[in-house]
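Here the sequence shown stands for residues 21 to 659, numbered as in the working numbering. Structure, as structure tokens:
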Amino acid sequence: MPEIEALYESIPLLIHMHGCVSCGLFLDNPGRSDFDMRSHGVAFTVSCTTGSYDLYFINGPELKDVVKRYTALTGRIKLPPKWAIGYHQSRYSYMNQQEVLELGRTFRAKQIPCDVIYLDIHYMDEYRVFTFDPVRFPDPAGMIRELREMGIRIVPIVDPGVKKDAKYPVYQEGIREDHFCRKLEGDLFFGEVWPGTSAFPDFTDDRTAKWWADQHAFYTELGIEGIWNDMNEPAVFNESKTMDLDVMHRNNGKPLTHEELHNLYGLLMSKSTFEGMKEQLDRRRPFVLTRAGYAGIQRYAAVWTGDNRSFWEHMAMAMPMVLNMGLSGLAFAGPDIGGFAHHTSAELLIRWTQMGVFFPYCRNHSALETVRQEPWSFGEEAEAILREYIGLRYRWMPQMYNLFHEASVTGLPVISPLILEYPHDPNVTNLCDQFLLGDNVLIAPVYRPDTDHRAVYLPEGTWLDYWTGEGHEGGRYILAHSPLSVLPVYVKAGSIIAEGPLKQHAEDEADDTVTFHVYGAEADGDFQTAYRLYEDDGVSYGYEVGAYSELLLETRAEQGKFVLSYAYPHRQYEARRSRLRIVLRRPKFRPAEVEGLGQLTPEQMEQGALGWAVDDRSGDLIIQVEDRPEGGQWAVISA
21 MPEIEALYES IPLLIHMHGC VSCGLFLDNP GRSDFDMRSH GVAFTVSCTT GSYDLYFING
81 PELKDVVKRY TALTGRIKLP PKWAIGYHQS RYSYMNQQEV LELGRTFRAK QIPCDVIYLD
141 IHYMDEYRVF TFDPVRFPDP AGMIRELREM GIRIVPIVDP GVKKDAKYPV YQEGIREDHF
201 CRKLEGDLFF GEVWPGTSAF PDFTDDRTAK WWADQHAFYT ELGIEGIWND MNEPAVFNES
261 KTMDLDVMHR NNGKPLTHEE LHNLYGLLMS KSTFEGMKEQ LDRRRPFVLT RAGYAGIQRY
321 AAVWTGDNRS FWEHMAMAMP MVLNMGLSGL AFAGPDIGGF AHHTSAELLI RWTQMGVFFP
381 YCRNHSALET VRQEPWSFGE EAEAILREYI GLRYRWMPQM YNLFHEASVT GLPVISPLIL
441 EYPHDPNVTN LCDQFLLGDN VLIAPVYRPD TDHRAVYLPE GTWLDYWTGE GHEGGRYILA
501 HSPLSVLPVY VKAGSIIAEG PLKQHAEDEA DDTVTFHVYG AEADGDFQTA YRLYEDDGVS
561 YGYEVGAYSE LLLETRAEQG KFVLSYAYPH RQYEARRSRL RIVLRRPKFR PAEVEGLGQL
621 TPEQMEQGAL GWAVDDRSGD LIIQVEDRPE GGQWAVISA
């Protein structure tokens, strides 16, 4: 990539680290700004060519402090609907109603979890936004209803360009009520995009933003709860690839040129979309995905990294892109899994999916005239591996949702570079080919072809292989064995991870029994750890008025005993479960008994009995107890 090439998002934030001390500079200017850092830390040049600006100095001293303060200024993500954290399937394009329905049926028949299917531009009537093609999609309401019965939602694409067509109601209304952008002389601005000659709403006018928001009733009345905003830089098929810079925006009575406000266009479109959907969905959380945005876009939309290619280099590039977006407040972000343009391969799709299921936003997307990228497109072996990893995302849904909640409260990212947690470790300063999920799970994707090993750096502490339980001391590199079916994943000893049952979609009515995995438990010494599980209905705004629960699980070593207890500091949401399961993964002692509980066989435990058992193969201790409002406490006696 040329060193000064622009990307889809404009987040003019610079974070500087000197030793272990961090600070930030946020240049609030939605026009063109340039950051020149080619002097390698000697000096930085920051300049604006248009408009006024505010320059914020953000104090640390820790990197986490900078991120928290930046997001306190620009806003934090809204807690998304739980279904939006599931697996998404897309293609440019699924061409007709029958193909979309068959796609949903295939996911369910093959028992591959999925929450969302996207409709790209070919669902529209000659690319007119707020329409369905009457031939290809004769019954969108019926299609959406049938998919919802499968637990699958539709998310259609909506671009800003409104086709110039005297018979098109949206265009007619926009002209009549003066909602479109105009040139300095007062003439309407028209640009060529997918529908042909098109006009563009002026989202800087609150009146127009409300008009655009109201148009989304077309979708919500069909049962649609999510919208995909694309081409909203805005992109135009001309030499500059965007709107003419001398277009005048009304800016609520304080006119400014497009050159001065360019980077706000995508943010304001997504803001209008989000607010319209929120109003129309009757207290249900909407989902908005955007390609373009500016600082603060995280308040309204998730972000994907745009049109990538099915190259191994683009898979590798996705890691620093998404990690930097997380440090810039965009906690809900991810790339097109498998690559959008060019032909992917079975190996690339598997490796990219293994990485992608741990990214905050998880969507497989591909272009016209490329090989299909659905999970079953490359034969039974690839399908089995992809099913396993997509299912893993759903088993980890309690953990993921917890991290999204934390991001909405603190502004910290869902995934992060290791330097966020280990700023004093010089080995992680420029490390961007592995990342942390939360603060205690290390993911090391394999991003080169024909590779069954990779070097993984483990920071200080003891790290347990998620798959085998094998322990490794940190502060060094290890060589991880990673055949095609294995993604290297490590959990730090002393951590607790929450997993749930495998579901086919986020709102599956299956039991919500949570399994808490405690890694590296000890019965002596100063071992102590705690985990707070956040839960709500995953769809409404009830949590804003207290309709949620927090379960606090605490463990400690106590003179040859391992004591664990749980309580509900807040419980105004009732999960669909009667039991809790606690698994001590590779404990550093041999359990003899659990006070107050009877010993069971693993088979009895799988049948739902309450008690404890030891897995003879792994040595893991499994405890299953009743989930009671008043909580409980047990002691594991060391042999």
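In this text, a Cβ means the ideal position worked out from N, Cα and C, and glycines have one as well.
Does the separation of the CB atoms of residue i and residue j fall below 8 angstroms?
i           : j           : result
residue 338 : residue 355 : yes
residue 448 : residue 479 : yes
residue 138 : residue 214 : no
residue 39  : residue 78  : no
residue 323 : residue 350 : yes
residue 497 : residue 462 : no
residue 516 : residue 551 : yes
residue 258 : residue 311 : no
residue 69  : residue 52  : yes
residue 435 : residue 456 : yes
residue 570 : residue 109 : no
residue 527 : residue 171 : yes
residue 504 : residue 400 : no
Please name the residue in the options whose C-alpha comes closest to that of residue i.
i           : options               : result
residue 619 : 450, 631 and 608      : 631
residue 106 : 341, 85, 132 and 116  : 132
residue 373 : 405, 546, 363 and 361 : 405
residue 520 : 414, 606, 490 and 642 : 414
residue 649 : 310, 236, 599 and 493 : 599
residue 389 : 604, 360 and 147      : 360
residue 348 : 432, 566 and 262      : 432
residue 196 : 204, 187 and 203      : 187
residue 657 : 235, 239 and 541      : 541
residue 156 : 605, 142 and 166      : 142
residue 222 : 531, 129, 270 and 515 : 270
residue 385 : 92, 112, 93 and 465   : 112
residue 182 : 153, 30, 220 and 567  : 220
residue 89  : 653, 46 and 71        : 46
residue 332 : 537, 369 and 104      : 369
residue 605 : 489, 544 and 518      : 489
residue 268 : 549, 208, 309 and 250 : 208
residue 486 : 495, 500 and 475      : 500
residue 334 : 85, 651 and 469       : 469
residue 166 : 117, 212, 505 and 184 : 117
residue 17  : 402, 305 and 491      : Outside the displayed range of the chain (21 to 659) lies residue 17, so it cannot be described from this structure.
residue 72  : 250, 392, 164 and 48  : 48
residue 180 : 210, 160 and 203      : 210
Determine, for residue i, whether the minimum Cβ-Cβ distance to residues of chain D falls below 8 angstroms.
i           : result
residue 522 : Included in the structure is just one protein chain, with no chain D present.
Please check the pair residue i and residue j, which I expect to be a contact at CB under 8 angstroms, by giving their CB distance rounded to whole angstroms.
i           : j           : result
residue 423 : residue 458 : 5 angstroms
residue 585 : residue 574 : 5 angstroms
residue 100 : residue 352 : 6 angstroms
residue 342 : residue 325 : 7 angstroms
residue 525 : residue 103 : 7 angstroms
residue 294 : residue 320 : 4 angstroms
residue 272 : residue 234 : At roughly 18 angstroms, the Cβ-Cβ gap does not stay under 8 angstroms, so residue 272 and residue 234 are not in contact.
residue 357 : residue 383 : 6 angstroms
residue 184 : residue 217 : 4 angstroms
residue 502 : residue 473 : 6 angstroms
Assign residue i to buried or exposed, taking buried as 16 or more other Cβ atoms, counted over all protein chains shown, within 10 Å of its Cβ.
i           : result
residue 194 : buried
residue 328 : buried
residue 278 : buried
residue 640 : buried
residue 623 : exposed
residue 255 : buried
residue 565 : exposed
residue 30  : buried
residue 659 : exposed
residue 199 : buried
Grab me the residues of residue i's own chain with a C-beta within less than 6 angstroms of its C-beta, minus the 5 sequence neighbours each way, in chain order.
i           : result
residue 317 : 287
residue 387 : 112, 360 and 361
residue 494 : 478, 479, 480, 481 and 483
residue 537 : 517, 603 and 605
residue 284 : 50 and 314
Once the 5 residues before and after residue i are set aside, which same chain residues still bring their CB inside 7 angstroms of it?
i           : result
residue 301 : 240 and 245
residue 260 : none
residue 430 : 88
Within the same chain, show all residues whose beta-carbon is closer than 8 angstroms to that of residue i, passing over the 5 residues directly before and after it, in chain order.
i           : result
residue 145 : 151, 152, 153 and 154
residue 425 : 99 and 554
residue 529 : 596
residue 438 : 445, 448, 451, 454, 455, 456, 462, 477 and 479
residue 275 : 268 and 269
So does residue i have its beta carbon nearer than 7 angstroms to some heavy atom of the ligand FAD?
i           : result
residue 230 : As for the ligand FAD, it is missing from this structure, which has no ligand bound.
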